[in-house]
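**Student:** Residue numbers (numbering that gives the first Met the number 0), protein chains in the order written: chain X, 0 to 513; chain A, 0 to 794.
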Amino acid sequence: MSSHLFIILPIVIPFTVAVVTLLLRKAPQIQQWVNLTGMLALMAVSVNLLWLVHVDGIQATTFGGWAAPFGITFVADHLAAIMVLSGALMGLAISLYGMAEMDKERIAFGYYPFMNMLMAGVIGAYMTGDLFNLYVWFEVLLIASFVLMALGNTREQLTADIKYVAINLVSSLLFLGGVGLIYGITGSLNMAEISLLLAEVESPALITTIAMLFIISFGIKSAIFPLYFWLPASYHTPPPTIMALFAGLLTKVGVYALIRVFTLFFTYDVGYTHTLLLWIAGFTMVSGVLGAAIQTDFRRILSFHIVSQIGYMIMGLALFTPVALVGAIFYIVHNQLAKTNLFLISGLANRLEGTFTLKKLGGLYAVYPGLAVLFVISSFALAGFPPLTGFWGKLVLAIGALETQEYIILAVALLVGMMTMFSMAKIWMYGFMPGTESNRANATSDDHTLLGMGNGASGTPYVTSPVMMYIPIVLVALLIVAASVFFGPVYTITEQAALELLDPSLYIDAVLNP
Amino acid sequence: MAILLIVFSGFALSLLAPWLTQPLGKAAGWVFALVPVGIVAGLATYTGAIAAGETVSVSYDWISITAFDVTLSFYLDGLSLFFGLLVSGVGALIYVYGGGYLEKHHHLGRFFSYLSMFMAAMMGMVLADNLLTFYIFFELTSFASFMLIGFNHDNAGSRRSAWQALLVTKAGGLAMLIGFLLIHQVTGTMQISEIIQMGGLITGSEFYLAILLLVLGGAFTKSAQFPFYFWLPNAMKAPTPVSAYLHSATMVKAGIYVLARLHPALSGTPEWIAIVTGFGAVTMLMSAWLALQYTDMKGILAYTTVMALGLLTMMLGVGSEIAIKACMLFVLVHALYKASLFMIAGAVDHGIHERDVTKLGGLRHAMPITAGAAVLAGLSMAGLPPFFGFIGKEIVYEAALNGGVAETLLAVTSLLANIALVAGAGLLVARPFFGKPTAIAKKAHAAPVSLYIGPVVLAGLGLALGLFPGPFGELFLLPAVAAVTGEPVEFSLYLWHGFTIELAMSVVTVAAGVGLYLGWDAMRRTVAARGFERWLGTGLDRGYDHTINGILAFGKWQTRLLQNGYLRNYMTTILSVGVVLIAVSYIRGGLFAWPAEAMGPIELHEWVLSALILGSALGTILFTSRLSAIAALGIAGFSIALMYLSFGAPDLAKTQFLVETLTVILFVLVLVRLPNLKEPASRTGKARDAIIALSVGALMTLLMLAALRLPFDSNMATYYAQNTYTLGEGRNIVNTILVDFRALDTFGEIAVLLVAGFGIYALLVLGRKDDDDAPADDDPSRPDISTPVSTTETA
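#1: With H, G and I counted as helix, E and B as strand and the rest as coil, what does DSSP make of Asn563(A)?
#2: Do you know how far the Cα of Leu126(A) is from the Cα of Tyr74(A)?
#3: Roughly how many angstroms lie between the CA atoms of Ala445(A) and Thr369(A), to the nearest whole one?
#4: Since I believe Lys338(X) is in contact with Ile313(X) (beta carbons under 8 Å), could you give me their beta-carbon distance rounded to a whole number of angstroms?
#5: So for Trp61(A), helix, strand or coil by DSSP?
#6: Check whether the region 321 to 329 of chain A touches the region 344 to 354 of chain A, taking contact to mean three or more Cβ pairs, one atom from each stretch, closer than 8 Å.
#7: Indicate whether Val146(X) and Leu248(X) have their beta-carbon atoms separated by less than 8 Å.
#8: By Cβ distance below 6 Å, which residues in the same chain neighbour Met118(X) in space, the five residues on each side in sequence not counted?
#9: Within 8 Å of any Cβ in chain X, is that where the Cβ of His152(A) sits?
#10: Could you tell me whether any Cβ in chain X is nearer than 8 Å to the Cβ of Asn731(A)?
#11: Verify the CB distance criterion: does Ile514(X) have a CB-CB separation below 8 Å to chain A?
#12: Please list, in chain order, all residues of the same chain as Ser377(X) whose beta carbon is under 7 Å from its beta carbon, the five residues on each side excluded.
#13: Quick check: is any heavy atom of the ligand SAH less than 7 Å from the C-beta of Ser584(A)?
#14: For Asn167(X), write down the residues that DSSP places opposite it in a beta bridge.
#15: Is Leu502(X) helix, strand or coil by DSSP?
#16: Which residues, in chain order, does the region 64 to 88 of chain A contribute to contact with chain X at a C-beta distance below 9 Å?
#17: Any idea what DSSP makes of Thr54(A), helix, strand or coil?
#18: With three or more C-beta pairs closer than 8 Å as the rule, is the region 133 to 142 of chain A touching the region 158 to 172 of chain A?
#19: Going by other Cβ atoms of all chains shown within 10 Å of its Cβ, with 16 needed for buried, is Ser63(A) buried or exposed?
#20: Threshold first: 4 residues or longer. Then list the alpha helix (DSSP H) segments lying entirely within the region 241 to 328 of chain X, N to C.
#21: Does the beta-carbon distance from Gly253(X) to Ser221(X) come in below 8 Å?
#22: Relative to chain A, which residues along the region 262 to 296 of chain X have a C-beta separation below 9 Å, given in chain order?
#23: Is any beta-carbon of chain A found at less than 8 Å from that of Pro237(X)?
#24: Spell out a yes or no on whether the region 9 to 24 of chain A and the region 110 to 119 of chain A are touching, meaning 3 or more CB-CB pairs, one atom from each, closer than 8 Å.
#25: DSSP three-state label for Ile7(X), please.
#26: For a test of the three-state rule: what should DSSP assign to Ser72(A), helix, strand or coil?
#27: To be precise: take each residue of the region 722 to 749 of chain A, compare its Cβ to all Cβ atoms of chain X, and keep it if any distance is under 7 Å. Which residues remain?
#28: Examine chain A for any beta-carbon lying closer than 8 Å to the beta-carbon of Val254(X), and answer yes or no.
#29: Taking the DSSP output, what are the residues bridged to Asp295(A)?
#30: Taking Cβ-Cβ distances shorter than 8 Å, what residues in chain X pair up with Ala158(A)?
#31: Taking 8 Å as the CB-CB cut-off, is Val754(A) touching chain X?
#32: Threshold first: 4 residues or longer. Then list the alpha helix (DSSP H) segments lying entirely within the region 362 to 391 of chain A, N to C.
#33: What in chain A is Cβ-close to Val121(X), meaning under 8 Å?
#34: Using a Cβ-Cβ distance cut-off of 8 Å, determine whether Leu136(X) contacts chain A.
#35: Round the Cβ separation of Leu230(X) and Ser307(X) to the nearest angstrom and send it over; I've been treating them as touching at under 8 Å.
#36: What residues in its chain sit with their C-beta under 8 Å from that of Leu668(A), if we drop five residues either side in the sequence?
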């Protein structure tokens, strides 16, 4: 099969699933299986794509037979392929989880089409090699996320959604302004050609100023300091499945876009732009982790932590060395695994105990040792405890900071690591440890939640046994362990991504001289 | 292979223990103890070779990447053999003891699991030859310790202590990790066995001080040196088998092990001597006397443990051969008596649920075997002949007097600390076991064999080694000291050193210690003693709380400030940040210039259209009626379309007309149903919004002008213009771009419309949930943060 097909299949599959599930409106249970099949196929295609890129180098194709730079190009380099794969993984895990968590009502009103549209938008954003087309994919994923966030119509969700929509529209507007300006000075929308043409622009200062538009726009999407407001305001409102989906995909697209444009376009005044990014990274880490440390709700702690962890990814980009970029990319994947799993665990805890409030949870350690183990793996991975993934991510970033003698950001990263440990331990201390089998603070039965008492979920799913929810959590936890133990090969693949980013000519060649 | 088994058998046991404990029942502890016994046996086979000066190393590839190598490499020399035997040997007894102590505990399986993980991590750490592997095992000991301290999970005190120990040791661990990375940077290797061969390289490098301080950060927190020692007494909330193992004999010695392991590479400089000796001495003296402020047996044991750790650190700081000898010797002396005494305290507690020495007395009648072991351990602790502790103390005094570092000061400090230690031994042994039985002591009964075998073996060893120290000295101590000093050493151990100044100091120590013991009740109640305890005992612990609460208070403040719940404020912040970033970059780049050539002559109709656009935009803002605002917006849109037309882009203008018409119609249909707009609140608010809005507009205009100054030459535009008719077979460029050249964009936008349509349908039909009473979480009246939770949670 031609490699061109493999480049577009990652968006064709979710689009197809979206359409098919939309047509199967009256058969929601079949939708579940169609979706799962789609996710499995997507997974297989993504593995294949990464393999293809790893063996044969960067892959590119254009739509409609209009050659680059005139038509729209899709490009799969290591970064894009890694992001697609980890995105597909998230989709699969969340689909499995959703079968036991997503309620019948939301499925009846289009959860699966929306979810697949979101996936298509995210993957399109990873793969596209066209700046305006990137904007389009952002629109697709945003509209899908607007709907998913509001689906269920609680007052809480709607207030959150308004903030989410409004702030993201500003982001889109600034992005569009940036695209216009870039087109104005290069006359192109093809990212490879833009990269090439920017080198000839007489006014590097103008490029740097335009870069600010992208920092703000993508910064909002990736939830950096001080633009992250929409995230803590909204992430805790939808049901856990959707929360996990957002946590795994949304901000990461923003970070991906930042990495892309600050390696392909805006490298003319690294001393200025990337130093600015470094400051942003530091403040994002600190501000997010401080926000997390004071929360008492499982989901809110996790939401603020997303912000904080974004800081580490930006730090890797800002340091702008091969090692640091590996750190940034690895950190994205690590964070997708660990953070998504923690959201899934919070949903399972909510199913079991009927609450997300730490002090009411209690007793999980005594009664559900399996869940406790899964939580420990995921949370200690997030906190960077050796030998789990977060440790390797932080270690690589630390080496990046030492090499560039950026000692301040190193110290900040370590202190924030401590605070992350603090708040992960806090969930453990309040949500898991207190209470014994006999004197649990909140001895709710399962059907208590299923009747709608649980926060966030509003109805009954098709599979009512929480055992089904364990499957994806165990799966992701195993992946975390595997990525920790086999960090060597993972690093080697990620390093290819970093080296490609630092040598844009590879990307340009693959697109313009196929 | 054997070494891998030695390291990883504990991890295997950790995985299996939860499933094996139930079926094995009472025998579980005894059966599991076979694993550490096997480890002891395995290690013992290397004794001869190590004593002969050989080393054993094995290495397996694990992670080999461009940035660094992490190998599973293990290195057996005198030092690692000595510590390895200590960890596994004491470990075997702890399994037996723990099995008895927690016999009826429903989480006994988990206990053995954590204990095994801990032991395995310790074994891995002492044997590791790669800095990162070492660090991983080092941190795993912290993790296992976290689980073990918090073992009584329903007890708030246990939870707090576990959390505290984790944070303090983790903080130090991170510092140490950076120190390790710097060592790697300086030496170019991660292999410890290579690093300790190139001492001068590190001590001479510009990073030396940083490396030293960072590594000491890890060692001092782990080994509970001043001012970090507060976590260790708190960790006594753990079940006693845990305290006996982790917080006396093994984990806390991990920090000592780090210093000893890296001693050849880091020591000998004035910085090393001053810092390590100084902190060690202060810790030793302070904690020895703090121990006397407690009546809880575990409290006394905890602080005397800190004292021992201080002494060991001090000796490593001095660093001369005799000091290292004293250090290594005292590691074993201390492990033997301290583990026994902990187990004894646990046995007492287990029997009568009381550990307060003021309430105990005469237990020797009910618990004769335990009492016997206590006497042996106590005499060794007090340093009386012919016990092993006596030899240890003599050599410590000798090292202080002849170490070449502040001799008098160290000798006096050691003397004062040891006096307190003697009194402490009295409190732990004489007070509970002798005298008249107290009311509570009468309820005591003999401990079961699992609870006394450990103390008997260890305390018995304390006597045996005191009487026959020779073989131990040759087989274990010599190689260990040689490994720490980095060069071969020669000495023999004797019980009797003759009439020396050290002996005189011993006599003074014991006499003063006994005196102190007799006057203890009066002494500990004095104002000075209490103040001492309040400042340096619980004071540091309070400092920890203040630090955490301070951070949380700051976190609360900054989160309230930023995440305040008002969309208006969010927008203001976002746009202001944007304005500042763009303006600074613009000015910094010197981009301002009037683009005369790009402007050309301005025609009349262009002036008119511009005025229309500006006027209607202003109108949109100012009109309070929605209908008028929409109309104004429409005028702006149509004027822009006319502008396109005047620049010769009819296709684009046509599209824009359609879009504008549709927009206005939709707006009218939807918005007129809403109530009229309210005036914004304040004049300053309006002014601020106006400034931000105008800045955004102005900056975008300036950016556009700057872009216009550059020549515009677009391949793409030319290509589309040339090929629309020929290749695209279309007559309208915009249409052809939309449906052919860039059809994928249109496809995406259609998807957006589809999702939006179905989304609105779902929102309307799925129905608003009637939960208006439910709090809106991001409502400003309920900021999305809650009161900070202190770590000092009460039960």
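For each residue, glycine too, the CB sits at the ideal point set by N, CA and C. In this text the structure is predicted, and so the values were computed from the model without any measurement.
**Tutor:** According to the structure data:
#1: Working through the second sequence from its first residue, we reach residue 563(A) at position 564. In the structure shown, Asn563(A) sits in coil (DSSP, three-state: anything other than H, G, I, E or B).
#2: Within the second sequence, residue 74(A) is the residue found at index 75, counting from 1. Within the second sequence, residue 126(A) is the residue found at index 127, counting from 1. Going from the Cα of Tyr74(A) to the Cα of Leu126(A) covers about 5 Å.
#3: Indexing the second sequence from 1 puts residue 445(A) at position 446. Indexing the second sequence from 1 puts residue 369(A) at position 370. Cα-Cα distance, rounded: 8 Å.
#4: Within the first sequence, numbered from 1, the residue matching residue 313(X) stands at position 314. Within the first sequence, numbered from 1, the residue matching residue 338(X) stands at position 339. Incorrect: roughly 16 Å between the Cβ atoms, too far for contact.
#5: Your numbering for residue 61(A) matches position 62 in the second sequence. Strand, per DSSP.
#6: no
#7: Stepping through the first sequence from its first residue, residue 146(X) is reached at position 147. Stepping through the first sequence from its first residue, residue 248(X) is reached at position 249. Against a cut-off of 8 Å, the Cβ pair of Leu248(X) and Val146(X) comes out as no contact.
#8: If you number the first sequence from 1, residue 118(X) lands on position 119. Around Met118(X): Pro13, Gly90.
#9: Counting from one through the second sequence, the residue named residue 152(A) turns up at place 153. Answer yes: the Cβ-Cβ gap between His152(A) and chain X drops below 8 Å somewhere.
#10: Here the question's residue 731(A) lines up with position 732 in the second sequence. Taking Cβ atoms only, chain X never reaches closer than 8 Å to Asn731(A), which makes this a no.
#11: Nothing in the structure corresponds to residue 514(X), since chain X is present only between 0 and 513.
#12: By one-based count along the first sequence, residue 377(X) stands at place 378. For Ser377(X), where only same-chain residues beyond five positions count, the Cβ hits under 7 Å are Ala337, Asn340, Leu341, Ile344, Ala476, Ile479.
#13: Questions concerning the ligand SAH fall outside what the structure shown contains, since it holds no ligand whatsoever.
#14: On the first sequence, position 168 is the one that residue 167(X) refers to. Answer is none; Asn167(X) lacks a bridge partner.
#15: To locate residue 502(X), count along the first sequence from 1; it is residue 503. At residue 502(X) the sequence reads Asp, which differs from the Leu that was named. Note: Asp502(X) maps to coil in three-state DSSP.
#16: Ile64, Thr65, Ala66, Phe67, Val69
#17: On the second sequence, residue 54(A) is found 55 positions in, with the first residue counted as 1. Coil.
#18: yes
#19: If you number the second sequence from 1, residue 63(A) lands on position 64. Exposed, by the Cβ-count rule.
#20: 269 to 292, 297 to 318
#21: Along the first sequence, one-based indexing puts residue 253(X) at 254. Along the first sequence, one-based indexing puts residue 221(X) at 222. Yes, these two residues count as a Cβ contact at 8 Å.
#22: Asp268, Tyr271, Thr272, Leu275, Val285, Ser286, Val288, Leu289, Gly290, Ala291, Ala292, Ile293, Gln294, Thr295, Asp296
#23: On the first sequence, residue 237(X) is found 238 positions in, with the first residue counted as 1. No, Pro237(X) does not count as interfacial toward chain A.
#24: yes
#25: Counting from 1 along the first sequence, the entry for residue 7(X) is found at position 8. The answer is helix: DSSP assigns Ile7(X) an H, G or I state.
#26: Along the second sequence, one-based indexing puts residue 72(A) at 73. If DSSP states are grouped into helix, strand and coil, Ser72(A) belongs with the strands.
#27: Asp739, Phe740, Arg741, Ala742, Leu743, Asp744, Gly747, Glu748
#28: The count along the first sequence starts at 1 and reaches residue 254(X) at position 255. Val254(X) does not count as touching chain A.
#29: Position 296 of the second sequence, counted from the start, is the residue given in the question as residue 295(A). Answer is Asp355(A), bridged to Asp295(A).
#30: Your numbering for residue 158(A) matches position 159 in the second sequence. Residue identity differs from the one stated: residue 158(A) is Arg in this sequence, not Ala. Those are Met428, Met432, Pro433, listed as they occur along chain X.
#31: In the second sequence, counting from the first residue as 1, residue 754(A) sits at position 755. Closer than 8 Å: yes.
#32: 367 to 381
#33: Position 122 of the first sequence, counted from the first residue, corresponds to residue 121(X). In chain order: nothing, as chain A lies at least about 12 Å away.
#34: Start at 1 with the first residue of the first sequence, and residue 136(X) comes out as number 137. Here residue 136(X) turns out to be Trp, not Leu, going by the sequence shown. Chain A contact via Cβ: present.
#35: As a working note, residue 230(X) is residue 231 in the first sequence. As a working note, residue 307(X) is residue 308 in the first sequence. About 11 Å separates the two Cβ atoms, so there is no contact after all.
#36: On the second sequence, residue 668(A) is found 669 positions in, with the first residue counted as 1. Cβ within range, chain order: n/a, list empty.
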